[in-house]
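Beneath this line is the structure, given in structure tokens, with notes to follow.
There are 2 protein chains.
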Amino acid sequence: MFTLAEENYLKAIFHLEHEFQGEVSTNAIAESMETKPSSVTDMIQKLAEKKLLTYKRYKGVQLTAEGKKVAANVIRKHRLWEVFLVEKLKFHWDQVHEIAEQLEHIQSEELITRLDKFLGSPDFDPHGDPIPDKHGVLKRTEKKLLSEIDKNQKGVCVGVKESSPEFLQYLDKKKISIGTKIRVLGKEFFDGSMIIQVFDDQFFISKTVAENIYVQTI
Amino acid sequence: MFTLAEENYLKAIFHLEHEFQGEVSTNAIAESMETKPSSVTDMIQKLAEKKLLTYKRYKGVQLTAEGKKVAANVIRKHRLWEVFLVEKLKFHWDQVHEIAEQLEHIQSEELITRLDKFLGSPDFDPHGDPIPDKHGVLKRTEKKLLSEIDKNQKGVCVGVKESSPEFLQYLDKKKISIGTKIRVLGKEFFDGSMIIQVFDDQFFISKTVAENIYVQTI
DNA sequence: CTATATTTTTAGACTAGGCTAAAAATAATA
DNA sequence: TATTATTTTTAGCCTAGTCTAAAAATATAG
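Those protein sequences? They're chains A and B, same order as listed. Using our numbering, the first residue of the first sequence is number 12, and each one after it goes up by one. Using our numbering, the first residue of the second sequence is number 12, and each one after it goes up by one.
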């Protein structure tokens, strides 16, 4: 359907459109892809030709509905594969990006449908980023740090910010992984530490820990 | 490490060396890869340059130890992914080749180590072909048809020849899948039918069925 | 052992995707 | 507003991998 290079451009532009609202400049694309502006100009002209984005010379680009769909689908595949790598193959959350960059380009609708089902149709990847659905629709839900959650509120762990082996092992010991429900029982203003409940265990966590866990409020 | 095209050439040559012993001709490669002989000449000169094969003009090629290792590794990846697709994602045995052709080029030692472990280090792919080990060594064991097995002998199902949904459903009903042990209790010369034992069940199968199951004698 | 057929290689061209250097357009500043 | 700086585009070149057409080597047949 689309070449590897095309998919990578669409994905990069998609991310940039979300990061800064509005048109995306040639230079911004070049920087994010670690390539040269002249190469970007070449490619965006081809993508405009294919109606995947709109382009006016010197004015930057904007993805069309079709372009967005293609990009979101690549991102969907990337994030689903990351879940697979972490949940099934027991990779650490910080080892999976490079491999997912390759796997995201595998072409097969059926494969992704089955992979999604196999993984239990997850809503978030191991970094806490939402996984677009099969129509490319991205649930625009803000992920928050656990430290931002108020007393008596609950959240689902959707990822981590820090991902050192030490931290991951700590989480493991505390039985916190993706999808784990966390209830904030108490919060100390003095040092930002918290008392939380995970399954039936209640325990203390430091501010540092709370600032490195992403949750989705529920 | 190696490009997609290079890996595909090495793989094709590896298969041809096993199919017909000795040197592999330019034309044979071209035919098996559905490309033109002139393109093959170009590529084999590059591969010879890289010491992956030996090449004398007009005399065909032969993989070096290094070339064989690279090829066997690609085949290892291909076959492991096929096992994943069938065993975990529940694809049918005849739907997986194309997807595995893509997955076999994903570059990550660690990924394959973990995938292999996740799958229980299988020895055979869903078509009954052996999976090379991590050093590229291919256990040269002949797969046989179940119909060739003698009375009172045992075999492990390593794959199927026919792979229509109907046949696969039949096997499913009889609880026969990859790794299943089958003992031949009796054989009828008249029509080639058999009585076999699978787990604790004993039942009759026709010659047609016996001729479409690959086994490894044990 | 020539003549013909087949196989293989070479030469030259093409596309995708990238680069450098220079030109053109836009933005910023005096 | 004129000038300078920045951004973007164009022009031309490069590599990987493919192709066609023609030349060269090898194999086959009379």
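A virtual CB, placed ideally from N, CA and C, is assigned to each residue, including glycine.
Option nearest residue i by Cα separation, candidates the options
{"i": "Pro137 (chain A)", "options": "A:Val226, A:Lys62, A:Val97", "result": "A:Val97"}
{"i": "Gly78 (chain B)", "options": "B:Gly147, B:Ile40, B:Pro133", "result": "B:Gly147"}
{"i": "Ala111 (chain B)", "options": "A:Val107, A:His116, A:Ala41", "result": "A:His116"}
{"i": "Asp211 (chain B)", "options": "B:Glu120, B:Asn163, B:Leu179, B:Lys186", "result": "B:Lys186"}
{"i": "Lys128 (chain B)", "options": "A:Leu126, A:Phe129, A:Lys101, A:Asp127", "result": "A:Lys101"}
{"i": "Leu149 (chain B)", "options": "B:His26, B:Phe201, B:Glu109, B:Ser174", "result": "B:His26"}
{"i": "Lys62 (chain B)", "options": "B:Ile216, B:Val81, B:Lys155, B:Pro133", "result": "B:Val81"}
{"i": "Ser36 (chain A)", "options": "A:Glu18, A:Glu60, A:Thr152, A:Leu64", "result": "A:Leu64"}
{"i": "Ile193 (chain A)", "options": "A:Ile40, A:Gln180, A:Lys155", "result": "A:Lys155"}
{"i": "Met44 (chain B)", "options": "B:Leu196, B:Glu109, B:Ile24, B:Phe215", "result": "B:Ile24"}
{"i": "Pro141 (chain A)", "options": "A:Met205, A:Ala59, A:Leu91, A:Gln113", "result": "A:Leu91"}
{"i": "Asn84 (chain A)", "options": "A:Glu109, A:Ala39, A:Asn38, A:Glu17", "result": "A:Glu17"}
{"i": "Gln32 (chain B)", "options": "B:Gly71, B:Thr46, B:Lys57", "result": "B:Gly71"}
{"i": "Arg125 (chain A)", "options": "B:Leu126, B:Lys99, B:Leu114, B:Gln180", "result": "B:Lys99"}
{"i": "Val195 (chain B)", "options": "B:Ile216, B:Leu114, B:Leu130, B:His103", "result": "B:Ile216"}
{"i": "Ser119 (chain B)", "options": "A:Gln56, A:Glu109, A:Ile123", "result": "A:Glu109"}
{"i": "Phe135 (chain A)", "options": "A:Leu182, A:Ile86, A:Tyr181, A:His103", "result": "A:Ile86"}
{"i": "Asp105 (chain B)", "options": "B:Asn38, B:Gly139, B:Glu153, B:Thr46", "result": "B:Gly139"}
{"i": "Asp183 (chain A)", "options": "A:Met205, A:Pro133, A:His103", "result": "A:His103"}
{"i": "Pro133 (chain A)", "options": "A:Phe95, A:Glu153, A:Ser50", "result": "A:Phe95"}
Limits of the unbroken beta strand (DSSP E) element including residue i
{"i": "Leu74 (chain A)", "result": "72-74"}
{"i": "Met205 (chain B)", "result": "205-209"}
{"i": "Thr228 (chain B)", "result": "224-228"}
{"i": "Val148 (chain A)", "result": "Unbroken run through Val148 (chain A): none, as it is neither H nor E."}
{"i": "Lys165 (chain A)", "result": "165-171"}
Residue i burial status per 10 Å Cβ neighbour count (16 or more: buried)
{"i": "Asp53 (chain A)", "result": "exposed"}
{"i": "Leu15 (chain B)", "result": "exposed"}
{"i": "Pro143 (chain A)", "result": "buried"}
{"i": "Met7 (chain B)", "result": "Residue 7 (chain B) cannot be examined here, being either before or after the span of chain B that is shown, 12 to 229."}
{"i": "Thr219 (chain A)", "result": "exposed"}
{"i": "Phe178 (chain A)", "result": "buried"}
{"i": "Ala76 (chain B)", "result": "exposed"}
{"i": "Phe201 (chain B)", "result": "exposed"}
{"i": "Glu28 (chain A)", "result": "buried"}
{"i": "Tyr20 (chain A)", "result": "buried"}
{"i": "Lys9 (chain A)", "result": "The displayed coordinates of chain A run from 12 to 229. Any statement about residue 9 (chain A) would go beyond what the structure contains."}
{"i": "Pro176 (chain A)", "result": "exposed"}
Beta-carbon gap between residue i and residue j smaller than 8 Å
{"i": "Lys198 (chain A)", "j": "Lys162 (chain A)", "result": "yes"}
{"i": "Ile229 (chain A)", "j": "Lys165 (chain A)", "result": "yes"}
{"i": "Gln73 (chain A)", "j": "Glu30 (chain A)", "result": "no"}
{"i": "Val107 (chain A)", "j": "Glu121 (chain A)", "result": "no"}
{"i": "Ser158 (chain A)", "j": "Ala221 (chain A)", "result": "yes"}
{"i": "Val209 (chain B)", "j": "Ile160 (chain B)", "result": "no"}
{"i": "Pro48 (chain B)", "j": "Ala41 (chain B)", "result": "yes"}
{"i": "Gly190 (chain A)", "j": "Cys168 (chain A)", "result": "yes"}
{"i": "Leu130 (chain B)", "j": "Lys88 (chain B)", "result": "no"}
{"i": "Ile207 (chain B)", "j": "Phe214 (chain B)", "result": "yes"}
{"i": "Tyr66 (chain B)", "j": "Gln56 (chain B)", "result": "yes"}
Endpoints, the alpha helix (DSSP H) within which residue i is located
{"i": "Gln213 (chain A)", "result": "Per DSSP, Gln213 (chain A) belongs to no alpha helix (DSSP H); it is in the beta strand (DSSP E), 212-216."}
{"i": "Lys192 (chain A)", "result": "Note, Lys192 (chain A): premise wrong, no alpha helix (DSSP H); beta strand (DSSP E) at 192-198."}
{"i": "Thr124 (chain B)", "result": "120-129"}
{"i": "Ile117 (chain A)", "result": "It is not in any alpha helix (DSSP H) - Ile117 (chain A) carries neither H nor E in the DSSP assignment."}
{"i": "Met54 (chain A)", "result": "48-60"}
{"i": "Gln180 (chain A)", "result": "176-184"}
{"i": "His26 (chain B)", "result": "15-30"}
DSSP bridge partner residues for residue i (one or two, in chain order)
{"i": "Leu156 (chain A)", "result": "A:Tyr225"}
{"i": "Thr65 (chain B)", "result": "B:Gln73"}
{"i": "Phe135 (chain A)", "result": "A:Pro141"}
{"i": "Val35 (chain B)", "result": "B:Val72"}
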